[in-house]
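The working numbering applies: residue 152 is where the sequence shown begins, and numbers increase by one.
We treat Cβ as the ideally placed atom computed from N, Cα and C, and that holds for glycine.
Have a look at the structure below, then the notes.
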Amino acid sequence: MRAMERIESRRVFFLYPHSVFQEHLLDVLVQAEFEVAVVRDHSRIPALLARFPGSILFINIEQQLANGETWEEFVRSLRERSELQSIRIGILAYNPDPERSKHFIADLGVECGFITLKLGIKQSAAILLKSLAVNEARGRRKYVRATCPPEKARINIRRLGSTTEGHIRDISSAGFAAQLDSTVEKNELCDDIQLNLWGSRLTVGARMYGTRKLETGQLLHIFMFEPELYGQTRYKVHQFIKRVIQAEVDEIVQTK
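If you want it as C-alpha coordinates, here you go:
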(Lines of atoms letter the chains of each structure in order from A and count residues from 1; the text may use other names and numbers.)
(Lines give C-alpha, C1' and ligand atoms only; values in the text may rest on other atoms or scores of the structure.)
Protein backbone atom coordinates (compact mmCIF):
# COMPACT_ATOMS: atom_id res chain seq x y z
CA MET A 1 0.00 0.00 0.00
CA ARG A 2 2.85 2.35 0.86
CA ALA A 3 4.41 1.92 -2.59
CA MET A 4 1.08 2.68 -4.23
CA GLU A 5 0.74 5.86 -2.16
CA ARG A 6 4.16 7.07 -3.32
CA ILE A 7 3.21 6.41 -6.94
CA GLU A 8 -0.06 8.32 -6.67
CA SER A 9 1.15 11.17 -4.42
CA ARG A 10 4.76 11.75 -5.28
CA ARG A 11 4.96 15.31 -3.99
CA VAL A 12 8.32 16.70 -2.86
CA PHE A 13 8.06 19.64 -0.45
CA PHE A 14 10.81 22.04 0.57
CA LEU A 15 10.30 23.81 3.88
CA TYR A 16 11.91 27.27 4.16
CA PRO A 17 14.33 26.61 1.27
CA HIS A 18 17.55 28.61 1.07
CA SER A 19 17.55 31.34 -1.60
CA VAL A 20 20.29 29.49 -3.52
CA PHE A 21 18.03 26.46 -3.68
CA GLN A 22 14.90 28.32 -4.71
CA GLU A 23 16.69 30.28 -7.45
CA HIS A 24 18.50 27.36 -9.07
CA LEU A 25 17.90 23.85 -7.73
CA LEU A 26 14.11 23.94 -7.88
CA ASP A 27 14.21 24.40 -11.65
CA VAL A 28 16.67 21.51 -11.96
CA LEU A 29 14.20 19.23 -10.17
CA VAL A 30 11.23 20.35 -12.27
CA GLN A 31 13.20 19.78 -15.47
CA ALA A 32 14.02 16.30 -14.13
CA GLU A 33 10.25 15.61 -13.91
CA PHE A 34 9.80 15.80 -10.14
CA GLU A 35 6.65 17.27 -8.59
CA VAL A 36 7.99 19.96 -6.25
CA ALA A 37 6.65 22.84 -4.15
CA VAL A 38 7.88 25.31 -1.53
CA VAL A 39 6.31 25.76 1.92
CA ARG A 40 7.05 28.68 4.25
CA ASP A 41 4.92 27.83 7.28
CA HIS A 42 6.06 24.81 9.28
CA SER A 43 2.87 24.85 11.38
CA ARG A 44 0.91 23.79 8.28
CA ILE A 45 3.22 20.92 7.37
CA PRO A 46 1.31 18.13 9.23
CA ALA A 47 -1.99 19.01 7.52
CA LEU A 48 -0.28 19.35 4.14
CA LEU A 49 1.54 16.02 4.39
CA ALA A 50 -1.67 14.31 5.48
CA ARG A 51 -3.21 15.42 2.17
CA PHE A 52 -0.39 13.76 0.22
CA PRO A 53 0.51 10.36 1.74
CA GLY A 54 3.93 9.06 0.75
CA SER A 55 5.31 12.54 0.06
CA ILE A 56 8.87 13.69 0.77
CA LEU A 57 9.79 16.68 2.94
CA PHE A 58 13.15 18.46 2.82
CA ILE A 59 13.78 20.88 5.69
CA ASN A 60 16.19 23.82 5.70
CA ILE A 61 17.38 23.55 9.30
CA GLU A 62 19.24 26.88 9.15
CA GLN A 63 15.89 28.67 9.32
CA GLN A 64 15.18 29.66 12.93
CA LEU A 65 11.80 28.69 14.37
CA ALA A 66 10.01 31.60 16.05
CA ASN A 67 8.46 29.54 18.84
CA GLY A 68 11.81 28.28 20.17
CA GLU A 69 11.18 24.74 18.94
CA THR A 70 14.20 22.92 17.53
CA TRP A 71 14.19 21.14 14.20
CA GLU A 72 14.98 17.91 16.00
CA GLU A 73 11.78 18.32 18.02
CA PHE A 74 9.85 19.16 14.88
CA VAL A 75 11.04 16.00 13.11
CA ARG A 76 10.16 13.89 16.16
CA SER A 77 6.67 15.42 16.26
CA LEU A 78 6.10 14.38 12.64
CA ARG A 79 7.33 10.87 13.36
CA GLU A 80 4.85 10.53 16.22
CA ARG A 81 1.80 11.16 14.01
CA SER A 82 0.22 7.92 12.84
CA GLU A 83 -1.21 9.55 9.71
CA LEU A 84 2.29 10.58 8.58
CA GLN A 85 4.03 7.22 8.78
CA SER A 86 4.45 7.00 5.01
CA ILE A 87 6.30 10.30 4.58
CA ARG A 88 10.06 10.56 4.14
CA ILE A 89 12.27 13.37 5.40
CA GLY A 90 15.53 14.93 4.25
CA ILE A 91 17.64 17.76 5.64
CA LEU A 92 19.11 20.75 3.79
CA ALA A 93 21.86 22.97 5.20
CA TYR A 94 24.18 25.47 3.58
CA ASN A 95 27.16 24.66 5.79
CA PRO A 96 28.47 21.17 6.63
CA ASP A 97 27.87 19.92 10.19
CA PRO A 98 29.05 16.29 10.58
CA GLU A 99 27.78 15.86 14.14
CA ARG A 100 24.33 17.20 13.42
CA SER A 101 24.19 15.24 10.19
CA LYS A 102 24.94 12.03 12.07
CA HIS A 103 22.25 12.87 14.65
CA PHE A 104 19.53 13.42 12.05
CA ILE A 105 20.41 10.31 10.06
CA ALA A 106 21.34 7.84 12.82
CA ASP A 107 19.13 8.99 15.69
CA LEU A 108 16.13 10.55 13.96
CA GLY A 109 16.19 8.23 10.95
CA VAL A 110 15.78 10.77 8.16
CA GLU A 111 15.64 8.69 4.98
CA CYS A 112 16.58 11.30 2.38
CA GLY A 113 19.92 12.34 3.78
CA PHE A 114 21.64 15.51 5.01
CA ILE A 115 22.47 17.60 1.94
CA THR A 116 25.02 20.43 2.14
CA LEU A 117 24.32 23.19 -0.37
CA LYS A 118 27.76 24.81 0.04
CA LEU A 119 29.15 22.03 -2.14
CA GLY A 120 27.88 23.99 -5.14
CA ILE A 121 24.80 23.88 -7.34
CA LYS A 122 25.95 21.05 -9.60
CA GLN A 123 27.11 18.72 -6.83
CA SER A 124 24.16 19.51 -4.56
CA ALA A 125 21.75 18.85 -7.43
CA ALA A 126 23.40 15.50 -8.17
CA ILE A 127 23.10 14.42 -4.52
CA LEU A 128 19.49 15.59 -4.32
CA LEU A 129 18.53 13.84 -7.57
CA LYS A 130 20.14 10.63 -6.34
CA SER A 131 18.25 10.85 -3.04
CA LEU A 132 14.94 11.37 -4.85
CA ALA A 133 15.65 8.44 -7.17
CA VAL A 134 16.49 6.11 -4.27
CA ASN A 135 13.28 7.16 -2.51
CA GLU A 136 11.17 6.63 -5.65
CA ALA A 137 9.97 10.22 -5.77
CA ARG A 138 8.99 9.93 -9.41
CA GLY A 139 7.04 6.72 -8.85
CA ARG A 140 6.13 4.82 -11.99
CA ARG A 141 5.46 7.95 -13.99
CA LYS A 142 8.06 9.24 -16.42
CA TYR A 143 6.64 12.77 -16.63
CA VAL A 144 5.25 15.14 -14.03
CA ARG A 145 1.69 16.16 -14.92
CA ALA A 146 -0.42 19.05 -13.66
CA THR A 147 -4.20 19.48 -13.63
CA CYS A 148 -4.81 22.92 -15.11
CA PRO A 149 -6.88 25.52 -13.23
CA PRO A 150 -9.99 26.69 -15.13
CA GLU A 151 -9.22 29.30 -17.80
CA LYS A 152 -5.46 29.19 -17.12
CA ALA A 153 -4.60 26.90 -20.04
CA ARG A 154 -6.13 27.59 -23.44
CA ILE A 155 -5.50 25.97 -26.82
CA ASN A 156 -5.92 27.18 -30.39
CA ILE A 157 -5.38 24.74 -33.29
CA ARG A 158 -5.12 25.97 -36.86
CA ARG A 159 -6.05 23.14 -39.21
CA LEU A 160 -7.84 22.50 -42.49
CA GLY A 161 -8.39 26.21 -43.09
CA SER A 162 -10.20 26.70 -39.78
CA THR A 163 -9.52 27.16 -36.08
CA THR A 164 -10.31 24.75 -33.25
CA GLU A 165 -10.30 26.16 -29.72
CA GLY A 166 -10.64 24.78 -26.24
CA HIS A 167 -9.07 24.49 -22.80
CA ILE A 168 -6.44 22.10 -21.50
CA ARG A 169 -7.43 19.81 -18.63
CA ASP A 170 -3.95 18.53 -17.80
CA ILE A 171 -0.47 18.75 -19.26
CA SER A 172 3.04 17.28 -19.06
CA SER A 173 6.16 17.76 -21.16
CA ALA A 174 5.04 14.69 -23.15
CA GLY A 175 1.50 15.76 -24.02
CA PHE A 176 -1.83 17.11 -22.84
CA ALA A 177 -5.56 16.44 -22.63
CA ALA A 178 -7.98 19.08 -23.89
CA GLN A 179 -11.68 19.74 -24.39
CA LEU A 180 -12.21 21.20 -27.87
CA ASP A 181 -15.06 22.94 -29.66
CA SER A 182 -14.72 20.58 -32.65
CA THR A 183 -13.40 17.05 -33.13
CA VAL A 184 -9.86 16.20 -34.19
CA GLU A 185 -9.43 12.78 -35.80
CA LYS A 186 -7.31 10.07 -34.20
CA ASN A 187 -3.66 10.09 -35.35
CA GLU A 188 -4.09 13.51 -36.96
CA LEU A 189 -0.90 15.58 -36.73
CA CYS A 190 -1.57 19.20 -35.82
CA ASP A 191 1.56 21.21 -36.53
CA ASP A 192 0.23 24.68 -35.68
CA ILE A 193 -1.01 24.66 -32.09
CA GLN A 194 -0.96 27.79 -29.95
CA LEU A 195 -0.91 27.21 -26.18
CA ASN A 196 -1.61 29.93 -23.64
CA LEU A 197 -0.32 28.67 -20.29
CA TRP A 198 -1.12 31.21 -17.57
CA GLY A 199 -0.26 34.04 -19.99
CA SER A 200 2.83 32.36 -21.46
CA ARG A 201 2.32 31.70 -25.17
CA LEU A 202 4.06 28.99 -27.17
CA THR A 203 3.66 27.21 -30.50
CA VAL A 204 3.90 23.41 -30.64
CA GLY A 205 3.03 20.42 -32.79
CA ALA A 206 1.12 17.39 -31.47
CA ARG A 207 -0.59 14.23 -32.68
CA MET A 208 -4.08 13.30 -31.49
CA TYR A 209 -3.60 10.00 -29.69
CA GLY A 210 -7.20 9.21 -28.76
CA THR A 211 -10.32 10.40 -26.94
CA ARG A 212 -12.16 9.70 -23.72
CA LYS A 213 -15.78 10.60 -22.98
CA LEU A 214 -16.33 12.64 -19.83
CA GLU A 215 -19.33 12.32 -17.52
CA THR A 216 -20.72 15.46 -19.16
CA GLY A 217 -20.73 13.66 -22.50
CA GLN A 218 -17.96 15.86 -23.89
CA LEU A 219 -14.89 14.34 -25.50
CA LEU A 220 -11.47 14.75 -23.97
CA HIS A 221 -8.81 14.72 -26.70
CA ILE A 222 -5.42 13.24 -25.78
CA PHE A 223 -2.43 14.73 -27.61
CA MET A 224 1.25 13.76 -27.61
CA PHE A 225 3.76 16.45 -28.55
CA GLU A 226 5.36 15.79 -31.93
CA PRO A 227 8.17 16.51 -32.27
CA GLU A 228 9.13 16.17 -28.60
CA LEU A 229 9.53 19.42 -26.69
CA TYR A 230 13.01 20.83 -26.15
CA GLY A 231 14.74 24.07 -25.18
CA GLN A 232 12.65 27.08 -24.18
CA THR A 233 9.35 25.44 -25.17
CA ARG A 234 9.91 22.52 -22.79
CA TYR A 235 11.14 24.96 -20.14
CA LYS A 236 7.93 27.03 -20.40
CA VAL A 237 5.75 23.94 -20.01
CA HIS A 238 7.70 22.91 -16.91
CA GLN A 239 7.44 26.42 -15.48
CA PHE A 240 3.67 26.31 -15.94
CA ILE A 241 3.50 22.91 -14.23
CA LYS A 242 5.59 24.22 -11.34
CA ARG A 243 3.33 27.25 -10.98
CA VAL A 244 0.15 25.14 -11.00
CA ILE A 245 1.51 22.76 -8.36
CA GLN A 246 2.73 25.65 -6.19
CA ALA A 247 -0.63 27.43 -6.43
CA GLU A 248 -2.41 24.28 -5.25
CA VAL A 249 -0.06 23.90 -2.30
CA ASP A 250 -0.35 27.59 -1.38
CA GLU A 251 -4.13 27.30 -1.30
CA ILE A 252 -3.96 24.31 1.05
CA VAL A 253 -1.42 26.00 3.33
CA GLN A 254 -3.43 29.23 3.52
CA THR A 255 -6.66 27.40 4.39
CA LYS A 256 -6.87 27.27 8.17
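{"Check": "Quick check: residue 310 and residue 332, are their CB atoms within less than 9 Å of each other?", "Outcome": "no"}
{"Check": "Does the count of Cβ pairs from the stretch 313 to 325 and the stretch 259 to 268 closer than 8 Å reach three?", "Outcome": "no"}
{"Check": "With a threshold of 6 Å on Cβ separation, who are the neighbours of residue 201 within its own chain once the five nearest residues in sequence on each side are excluded?", "Outcome": "234"}
{"Check": "Looking at C-alpha atoms only, which residue of 392, 347 and 341 is the closest neighbour of residue 139?", "Outcome": "In the structure displayed, the chain extends from 152 to 407; residue 139 sits before or after that span and is not available."}
{"Check": "Residue range of the beta strand (DSSP E) that residue 321 falls in?", "Outcome": "313 to 322"}
{"Check": "Checking the sheet assignment: what are the DSSP bridge partners for residue 367?", "Outcome": "Per DSSP, none; premise fails for residue 367."}
{"Check": "Can you tell me which of 203, 199, 194 and 236 puts its alpha carbon nearest to the alpha carbon of residue 219?", "Outcome": "194"}
{"Check": "Grab me the residues of residue 404's own chain with a C-beta within less than 7 Å of its C-beta, minus the 5 sequence neighbours each way, in chain order.", "Outcome": "190, 192, 195 and 199"}
{"Check": "Tell me where the alpha helix (DSSP H) around residue 207 begins and ends.", "Outcome": "Note, residue 207: premise wrong, no alpha helix (DSSP H); beta strand (DSSP E) at 207 to 211."}
{"Check": "Residue range of the beta strand (DSSP E) that residue 241 falls in?", "Outcome": "239 to 244"}
{"Check": "Under DSSP, the alpha helix (DSSP H) around residue 406 begins and ends at which residues?", "Outcome": "Run containing residue 406: none; DSSP gives neither H nor E here."}
{"Check": "Can we say the stretch 269 to 282 touches the stretch 163 to 182, given the rule of at least three CB pairs closer than 8 Å?", "Outcome": "yes"}
{"Check": "Between residue 329 and residue 371, what straight-line distance do the alpha-carbon atoms span, to the nearest angstrom?", "Outcome": "6 Å"}
{"Check": "What residue ranges within the stretch 332 to 359 form continuous beta strand (DSSP E) runs of no fewer than 3 residues, ordered along the chain?", "Outcome": "340 to 348"}
{"Check": "Cα separation between residue 221 and residue 165?", "Outcome": "17 Å"}
{"Check": "Quick one: residues in its chain with C-beta nearer than 8 Å to the C-beta of residue 364, no 5 flanking neighbours on either side, listed in chain order?", "Outcome": "370 and 371"}
{"Check": "Could you pull the start and end residues of the alpha helix (DSSP H) that residue 223 belongs to?", "Outcome": "222 to 230"}
{"Check": "Spatial neighbours of residue 337 within its chain, please: C-beta separation below 8 Å, excluding the five flanking residues on both sides.", "Outcome": "359, 360, 361 and 362"}
{"Check": "Cα-Cα, which of 397, 214, 386 and 249 is closest to residue 325?", "Outcome": "386"}
{"Check": "Just to confirm the assignment, what range does the beta strand (DSSP E) spanning residue 189 have?", "Outcome": "186 to 190"}
{"Check": "Residue 395 and residue 299: beta carbons closer than 9 Å?", "Outcome": "yes"}
{"Check": "Does the distance from the CB of residue 293 to the CB of residue 184 come in under 9 Å?", "Outcome": "yes"}
{"Check": "Using a Cβ-Cβ cut-off of 8 Å (strictly less than) and excluding sequence neighbours within five positions of residue 226, which residues of its own chain qualify?", "Outcome": "210, 240, 255, 259 and 261"}
{"Check": "What residue from 253, 171, 295 and 281 has the CA that sits closest to residue 390's CA?", "Outcome": "295"}
{"Check": "How many Å lie between residue 285 and residue 249 at the Cα?", "Outcome": "22 Å"}
{"Check": "For residue 278, which three-state DSSP category applies?", "Outcome": "helix"}
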